[in-house]
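Heads up: the structure comes next, in structure tokens.
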Amino acid sequence: MKKLNLLFSLLVLAALIIVPGFLKNYGIHMFTTWLVFIIATMGLNLTVGYAGQKSLGHAAFFGIGAYTVAIFLKAGLSFWLGLPMAALFCFVVGLALGFPALRVQTIYLAFATLGFNTALWLVMRNEEWLTGGTYGINNIARPSLGGISFDGNLAYYYLVLFFTIVLALLLWGLLRSPWGKAFTALRDNAIRAESLGIDTRSYTLLSFAIGAVYAGVAGGLYASQVQFIDPALFTVGASIMMYLMVVVGGPGYFLGPVLGSAVGVVLPEWLRFAQAWYLFVFGASVVVLMIWLPDGLLSIPDRLKARRQSRAASAARAAQGVKA
261 MKKLNLLFSL LVLAALIIVP GFLKNYGIHM FTTWLVFIIA TMGLNLTVGY
311 AGQKSLGHAA FFGIGAYTVA IFLKAGLSFW LGLPMAALFC FVVGLALGFP
361 ALRVQTIYLA FATLGFNTAL WLVMRNEEWL TGGTYGINNI ARPSLGGISF
411 DGNLAYYYLV LFFTIVLALL LWGLLRSPWG KAFTALRDNA IRAESLGIDT
461 RSYTLLSFAI GAVYAGVAGG LYASQVQFID PALFTVGASI MMYLMVVVGG
511 PGYFLGPVLG SAVGVVLPEW LRFAQAWYLF VFGASVVVLM IWLPDGLLSI
561 PDRLKARRQS RAASAARAAQ GVKA
């Protein structure tokens, strides 16, 4: 299984490096958007898939990151200062949002985070002096580093790819550390985890804070990519779509955000041939997928393995019955 995951990772990485060089601007834009949502849903996968917390407010952190970078750039400050500040701001807000998770769980926590997303969206829409309100913020510049400019679509794509790889490696290291084991223990059984000496309060807060950092970085990168943001990009619907990406890809699977984001970003574009019916086809496809694969696309190998083991066990019992 590990070899299969490694092979899949290498194939995806090779495709992400090679394919965009042969695409036109719109194709590069789609691949860049895919990478941005991979980063965002990596954070949500940590919160939902590994720590077992229900969050429907991830788009709010995405928006915090986007507006922080946009405001910094509009003030004449550097992108390389705005992006870390976006991550820091999201960490602090994510830490604060984690406190309701210490008191409520499951659907009640989901509603609490949904309310947070709605409240922040109202701030983005109504505080025109800061966010531009419904008019948004336009002419958001792309960064440069030394003598290297990332103004071109392909150059900016490779910058986002660099961030994606670095953040994926950091998350991989985190999940393989004792912290990662604590997150999964919290997801599986919080009471048992606490009885083993795990500080469930701290890890619950950290799961929200670290997940928020990933969303904030993704939002900051997205703001410079599209060079225009407004509150419509950060609604509850966007949070639900991100949650859907995690569930479709496979919550608790490291590569789940890669497949899930492809389904949420790339698949709708492939279904444009259906014209007015493409949203219906997309929605029906997701419903069928959730019926047959409730644990996501990456659960297929595990399901096949479990089926083979079940058949082998049945055959062994039948053989023992014949001998008897």
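First residue of the sequence shown: 261, per the numbering used here; consecutive thereafter.
C-beta atoms are modelled at their ideal positions from N, C-alpha and C, and glycine is treated no differently.
None of these values were measured; they are calculated from a predicted model.
- Residue pairing by DSSP places residue 398 opposite 488 in a beta bridge.
- Per DSSP, the unbroken alpha helix (DSSP H) holding residue 367 starts and ends at 366-386.
- Secondary-structure assignment with DSSP links residue 405 through a beta bridge to 408.
- Residue 467 counts as buried, since at least 16 other C-beta atoms from the protein chains shown sit within 10 angstroms of its C-beta.
- DSSP places residue 514 outside both helix and strand once states are collapsed to three, so it counts as coil.
- Fewer than three Cβ pairs drawn from the stretch 513-530 and the stretch 352-366 lie within less than 8 Å of each other, which leaves the two stretches out of contact.
- Between the stretch 303-322 and the stretch 471-480 there are three or more C-beta pairs closer than 8 Å, enough to call the two in contact.
- Comparing alpha-carbon positions, the option among 418, 371 and 526 lying closest to residue 496 turns out to be 371.
- For the pair residue 418 and residue 321, the Cα-to-Cα distance works out to about 23 Å.
- In the DSSP assignment, residue 503 falls within the alpha helix (DSSP H) that extends over 496-509.
- When C-alpha distances from residue 540 are compared across 412, 550 and 528, the shortest belongs to 528.
- The straight-line gap separating the alpha-carbon atoms of residue 424 and residue 481 is approximately 11 Å.
- Taken through DSSP and simplified to helix, strand or coil, residue 567 comes out as helix.
- Nearest Cα to residue 265 within the set 561, 479, 488 and 486: 561.
- Under the criterion of beta carbons closer than 8 Å, residue 312 and residue 436 do not qualify as touching, at roughly 18 Å.
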